[in-house]
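According to this note's numbering, the sequence shown is numbered sequentially starting from 62. Worksheet: the structure to be examined is printed underneath.
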Amino acid sequence: MLLDVWYWVAIGIGTLAGMWAQAKVKGAFAKYSQFTTRSGLTGADVARKILQQYNIHDVTVEPVPGALSDHYDPRTKTLRLSEPVYASRSMAAFGIAAHEVGHAIQHAENYGALKFRSAWVPVAGLGGKISMFVIIASLLLGGMATVGSLSWLLGWVGLALFATTTIFTLVTLPVEFDASKRAIYALDQGGFTTGEELQGAKKVLDAAAMTYVAAALASFVQLLYWASLLLGGRRD
Ligand SMILES: [Zn+2]
62 MLLDVWYWVA
72 IGIGTLAGMW
82 AQAKVKGAFA
92 KYSQFTTRSG
102 LTGADVARKI
112 LQQYNIHDVT
122 VEPVPGALSD
132 HYDPRTKTLR
142 LSEPVYASRS
152 MAAFGIAAHE
162 VGHAIQHAEN
172 YGALKFRSAW
182 VPVAGLGGKI
192 SMFVIIASLL
202 LGGMATVGSL
212 SWLLGWVGLA
222 LFATTTIFTL
232 VTLPVEFDAS
242 KRAIYALDQG
252 GFTTGEELQG
262 AKKVLDAAAM
272 TYVAAALASF
282 VQLLYWASLL
292 LGGRRD
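Below is the structure:
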């Protein structure tokens with residue numbers, strides 16, 4: 062039941078989309094890491110300068126080991142740039158550094174989607190952990206074929222719990238797209254890049270955004286799979 066071909070189709074779609082997006086972002090990062098910007102600034106310099114321009118003085122910029130491990134931590138107001146971005150003068154580094162500053166600006170401005178996403182983290186964490194147990198319990202009891210039965214109720218609860226993780230991947234999309242939009246705007250307005258350099262930074266950010274689209278797609282396809290299995294709309 063749990064090892065049928067449709068399960069692997071659902072998992073396969075998500076995995077392939079994820080691998081494709083990862084390859085895209087790695088490729089774009091490698092390509093635009095080759096192009097040095099004319100400003101003479103590093104990724105860390107650009108991050109600090111944009112923060113200053115937005116009157117954000119309580120965010121610390123520091124290096125972090127690893128590749129593409131860049132992130133903004135709202136709890137400690139720390140902007141961590143991977144070593145290849147922190148000290149680099151490339152178009153790719155500018156794009157990623159400015160994107161992470163975009164998250165710090167969202168935080169400073171109380172951007173709604175970011176607030177919702179932060180509040181949703183524990184909900185999705187719990188939902189993701191227990192959804193499979195509830196879904197499997199429902200399936201063992203006969204799924205959702207009999208309206209009003211215990212297994213029918215468990216089916217709905219299981220799907221709702223699983224959906225909390227899908228919602229998380231969906232609300233991540235506006236947060237990420239908005240951070241990239243803010244990044245491109247700040248790089249342009251601050252005069253940190255030429256038009257051509259800005260295009261390189263944008264290519265890297267567009268590729269990075271695809272990884273979040275792939276994650277949302279993967280989660281949605283899995284939700285559909287469990288829903289179809291529980292509802293018994295598909296027979297083996
Ligand atoms: Zn981001």
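A virtual CB, placed ideally from N, CA and C, is assigned to each residue, including glycine.
Among the bridge pairs identified by DSSP, P124 is matched with L142. The beta carbon of G75 is closer than 6 Å to those of A279, V282 in its chain, skipping five residues each way along the sequence. In this structure, DSSP gives D106 a helical state, which the three-state scheme calls helix.
Relative to ligand 1, the nearest heavy atom lies less than 7 Å away from the CB of H164.
Boundaries of the alpha helix (DSSP H) around D239: 211 to 250. Distance from K138 to V120 at the Cβ level is roughly 5 Å; contact confirmed, criterion being Cβ atoms closer than 8 Å. The residue among T225, A174, F90 with its C-alpha nearest the C-alpha of L284 is T225. If you draw a straight line from the Cα of F96 to the Cα of R150, it is about 8 Å long. D267 sits in a helix when the DSSP states are folded into three classes. No heavy atom of ligand 1 is found nearer than 7 Å to the CB of A154. Residue ranges of uninterrupted beta strand (DSSP E) with 3 or more members are absent from the segment 170 to 216; none lies entirely inside it. The three-state secondary structure of Y286, taken from DSSP, is helix. Shown here for H160: same chain residues with a beta carbon closer than 6 Å to its own, the five before and five after excluded, namely A240, S241, A244, L266 in chain order.
Considering only R109, P126, A78, A198, the residue with the shortest C-alpha distance to H118 is R109.
With contacts defined as CB atoms closer than 8 Å, F177 and T98 fail to qualify as a contacting pair.
Within its own chain, the residues whose Cβ lies closer than 6 Å to the Cβ of I166, once the five positions on either side in sequence are excluded, are Y115, R243, listed in chain order. L290 is classed as buried because its beta carbon has at least 16 other beta carbons within 10 Å across all chains shown.
When rounded, the separation of the alpha-carbon atoms in Q250 and I197 is 53 Å.
Contact between F90 and L129 holds, since their C-beta atoms are separated by about 7 Å, short of 8 Å. With 16 or more other Cβ atoms from the protein chains shown falling within 10 Å of its own Cβ, G261 counts as buried. For Y115, there is no enclosing beta strand (DSSP E), since its DSSP letter is neither H nor E. Secondary structure of S149 (DSSP, three-state): coil. Relative to the Cα of G104, the nearest Cα in the group F253, A270, A276 belongs to F253.
The residue from L175, Y246, V86, W213 with its alpha-carbon nearest to that of F229 is L175. One thing to note: A206 has its Cβ within 8 Å of the Cβ of G293.
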